[in-house]
Amino acid sequence: MGDLDYIYAVARIRVKEKSLLNDTDISQMAGMQDDKSVLSYLEDKGWGDSSSSGDAEKVLLAEEKKTLELMKELKLDLSALELLSYPNLYHNLKAGIKEHCTSETNEQAFYPHEKYNREEILRILQDQDYKALPAHMRDAAERALSVMLETRDGQKCDVIIDRACLDAMSAAGKKQKNRLLRDYVESTVAVTDIKIAVRSLKTGKSAAFLKEALCPCDLLDVRLLAVAAAEHEESLHTFLETHGFREASEALKESPSAFERWCDNRLIETIRPQKTNSVSMGPIIAFYLAKLNEIKTVRIILTAKANGFSEEETRQRVREMYV
Amino acid sequence: MSLGMVFAILGAALSTALAGIGSAWGVGIAGQAAAGVVSEDPEQFAKVLLLQLLPGTQGIYGLLVTFITLSRIGILGGTQITDTHTGLMYLFACLPIAVVGLVSAYHQGRTSVSCIGLVAKKPDQFGKAMLFPAMVETYAILSLLVSILAITNIK
C-alpha cells in the first residue's frame, strides 16, 4: 500500500488519539489512593470490556487486544505488526525454555500470541520441532535450549535469546520502507544495548560477555560501548555523554528508575513527529506504540499502588505520554 | 472546421478536463479522510463535509470557463472562428484555469486532509481549519479571473 492509501486509517486514528491518556491523566492516577481507584478511573474512560470488570490484568489484556484488533481492521502492514511483536515472541521462547527445563508451570509468564502461545512453544521445544518457529528464531531456540539443558545457566540462555531478538528486529527494520519503523527499530536496538551495558556494569561482566550480548546498530559503536561498560562507571558515562546520549547518563546518575523511564521516553520521542503526519502508516504505528507505552505505564502505576508506593515514588516511575 | 476552431475547442476542453481531474483527486482524498473521521465520530459529518467540498470548486471554475469559451466561438453562441491566430488566443486564455485548477485542487485536497485531521482531534478549531485550504483557493480564483478576462476580451 502507498502512503496515500492510509488517509482513511490516519483520520480514524486522529479521532482515536483523543482517547489516549495524557500526562494529566497519568499524574492524576499517580496521586490516587490505591489500585482500585486507578482501575475505576480507567474503566470510566472505557478501558477493559464486559468480562474484565474489576480485574486489573484482564483490563490491560483487553486493552491490548482491542488495540491489536484496531490495527488489523485498519489494514496495517502485517510485516510491521509482526516486527513490533518480536520482543513478545522472544519473551515467550525464553519463558518456554525455562518451563521446559525446570518443569515449573508459570502460565502468566507468557504473552498472549495467536500462534506462538505457551502450548505451541512448549510443544516445539518438546519435539525439538524448530522448523515450526519463524526462521529468525530457530538457531537461537536450539542454542538456548541446549545451553539451558547442559549448564542450567538461565542468564546465558537469556543473552542468546535477547541478542537474537535484537538481530532479528534490526534486520527486519532495515528492510522496512516506512521511515518511522526503521527509526524506531534503530532506537530500540540502541536503547536496549545501553540497558544491557548498564546492567552488565553493575554485575561486573567482561568485555567478551558484552560483545556477545550487544547488537550492532547505526546509532552507537557497540565495541566502544562494550569497552566502556567493562571498565568502570565513569567510562560508561563519558561514552554516553560523547555519543549523543547525555540524557541517559544524567538519568543513570539520578536513579535506576529514572534511567528506565529515559529508555521508554526516548522511544516515545522517536514516534512523536507522527502527530503532525497526515498520510502514510506512520501515525498508525505511532498510535499502536503509544498505546503499548500507555498500557505499560498504567501497569507500573497499578503495581506501585498495589504495593503501597508513595505518590512521589510512583511519579518517578511513570513514562511520558504520546499526546 | 478551421484549425482556429480546433485550438479554441481544445482550450475549452482542457479547462474542464484538467481542473476537473484536480478536483476529483482533491475531493477523493479529502473524502477518504472525512469517512475515517465520521466512522469514529459521526457528529463531525457537517464539518468534514465542508472541508471535503473545498477542492471541488476548481472543477466548477473550469466548467464555467468552458461555457464562456463555447458561447463565444459559435458552439453555444457567438461567431465561428476562421483564423488560427484567434483560436490560439482562446487556447492560451483557457490555460490559467486549466493548469492552476489542476495544481491548486491537488494541494487543496492535501491541505483539506490535514485540516480534517485537525477537526478530528479538535472540533472546536473548525473555523481555523477552514482557513488553511481556503488560502489555496485564492490562486484558483485568480486564474479564473485571468481566464475570463482574457476570453471575454478576444475580438
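Sequence order for the protein chains is G and B. Read the first sequence against this note's numbering and you will find it ends at 323, with the numbers running on by one and no gaps. Read the second sequence against this note's numbering and you will find it ends at 1155, with the numbers running on by one and no gaps. The C-beta atom is built at its ideal place from N, Cα and C for all residues, glycine as well. Only a predicted model underlies this, so the values are computations on that prediction, with no experimental measurement involved.
Minimum Cβ-Cβ distance from residue i to chain G less than 8 Å
i                  : result
Glu1043 of chain B : no
Ile1097 of chain B : no
Ile1029 of chain B : yes
Interface residues of chain B facing residue i [CB-CB closer than 8 Å]
i               : result
Ala9 of chain G : Gly1036
Leu4 of chain G : Ile1029
Cα-Cα separation, residue i to residue j
i                  : j                  : result
Leu210 of chain G  : Pro1133 of chain B : 55 Å
Lys174 of chain G  : Arg246 of chain G  : 26 Å
Ala80 of chain G   : Ile160 of chain G  : 24 Å
Arg143 of chain G  : Gly48 of chain G   : 39 Å
Gln1032 of chain B : Ile7 of chain G    : 6 Å
Val323 of chain G  : Leu214 of chain G  : 32 Å
Leu133 of chain G  : Gln28 of chain G   : 43 Å
Val150 of chain G  : Thr102 of chain G  : Rather than Val, the amino acid found at residue 150 of chain G in this sequence is Glu. Taking the straight line from one Cα to the other gives about 12 Å.
Met71 of chain G   : Ala1150 of chain B : 53 Å
Met1135 of chain B : Pro1055 of chain B : 11 Å
Ala109 of chain G  : Asn92 of chain G   : 8 Å
Glu231 of chain G  : Leu201 of chain G  : 8 Å
Tyr1139 of chain B : Val1146 of chain B : 11 Å
Ala1013 of chain B : Thr1079 of chain B : 18 Å
Ile300 of chain G  : Glu1137 of chain B : 50 Å
Asp23 of chain G   : Thr297 of chain G  : 11 Å
Glu120 of chain G  : Gln128 of chain G  : 12 Å
Lys981 of chain B  : Met1089 of chain B : The structure shown has nothing for residue 981 of chain B, since chain B only spans 1001 to 1155.
Glu114 of chain G  : Arg123 of chain G  : 15 Å
Ala336 of chain G  : Ala1017 of chain B : Residue 336 of chain G falls outside the range modelled here, since chain G spans only 1 to 323, and no answer is possible.
Leu21 of chain G   : Thr192 of chain G  : 26 Å
Leu302 of chain G  : Ala56 of chain G   : 8 Å
Cys1063 of chain B : Gly1074 of chain B : Going by the sequence as given, residue 1063 of chain B is Leu instead of Cys. One C-alpha to the other measures close to 17 Å.
Pro1096 of chain B : Ile1068 of chain B : 14 Å
Glu1040 of chain B : Leu61 of chain G   : 23 Å
Thr203 of chain G  : Leu289 of chain G  : 31 Å
Gly154 of chain G  : Ile194 of chain G  : 21 Å
Sequence-distant residues of its chain with Cβ nearer than 6 Å to residue i (five each side left out)
i                  : result
Leu252 of chain G  : Phe259
Gly1004 of chain B : Ile1081, Asp1083, Thr1084, Thr1086 and Gly1087
Ala306 of chain G  : Asp35
Lys291 of chain G  : Thr67
Gly1022 of chain B : Gln1058, Gly1101, Leu1102, Ala1105 and Tyr1106
Same chain, Cβ closer than 8 Å to residue i, five either side skipped, listed in chain order
i                  : result
Glu311 of chain G  : Ala30 and Gly31
Leu219 of chain G  : Glu186, Ser187, Val189, Ala190 and Gly244
Ala9 of chain G    : Leu74, Lys75, Leu76, Met281 and Ile284
Leu4 of chain G    : Val279
Glu107 of chain G  : Arg118
Val1119 of chain B : Val1037, Gln1044, Lys1047, Val1048, Leu1051, Gln1125, Phe1126 and Ala1129
Asp44 of chain G   : none
Ala95 of chain G   : Asn106, Ala109, Phe110, Arg118 and Ile121
Gln176 of chain G  : Ser79, Ala80, Leu83, Arg182 and Val185
Asp221 of chain G  : His243
Val227 of chain G  : Ala207 and Ser235
Lys131 of chain G  : Arg138
Contact list for residue i against chain G, beta-carbon separation under 7 Å
i                  : result
Ala1120 of chain B : Ala11, Arg14 and Val15
Chain-ordered neighbours of residue i on chain G, where CB pairs are closer than 9 Å
i                  : result
Ser1039 of chain B : Tyr8, Ala11, Arg12 and Val15
Per DSSP, cross-strand counterpart(s) of residue i
i                  : result
Ile1073 of chain B : B:Gly1078
Proximal residues of chain G, C-beta to C-beta of residue i below 8 Å
i                  : result
Gln1032 of chain B : Ile7, Tyr8 and Ala11
Own chain residues within Cβ distance below 7 Å of residue i, not counting five before or after
i                  : result
Leu1091 of chain B : Phe1007, Ala1008, Leu1010 and Gly1011
Leu224 of chain G  : Phe239
Lys156 of chain G  : Val147
Ser1071 of chain B : Gly1077 and Gly1078
Pro87 of chain G   : Cys165
Ala1030 of chain B : Leu1051, Gln1052, Pro1055, Gly1109, Ser1112, Val1113 and Ile1116
Closer than 7 Å at the beta carbon, the chain B residues around residue i
i                : result
Lys18 of chain G : Lys1121
is_contact[residue i, chain B] using C-beta, thresh 8 Å
i                 : result
Ser278 of chain G : yes
With 7 Å as the C-beta to C-beta threshold (strictly closer), list the residues of the segment 1101-1128 of chain B near chain A in chain order. Given the protein chain composition of this structure (G and B), no chain A is represented.
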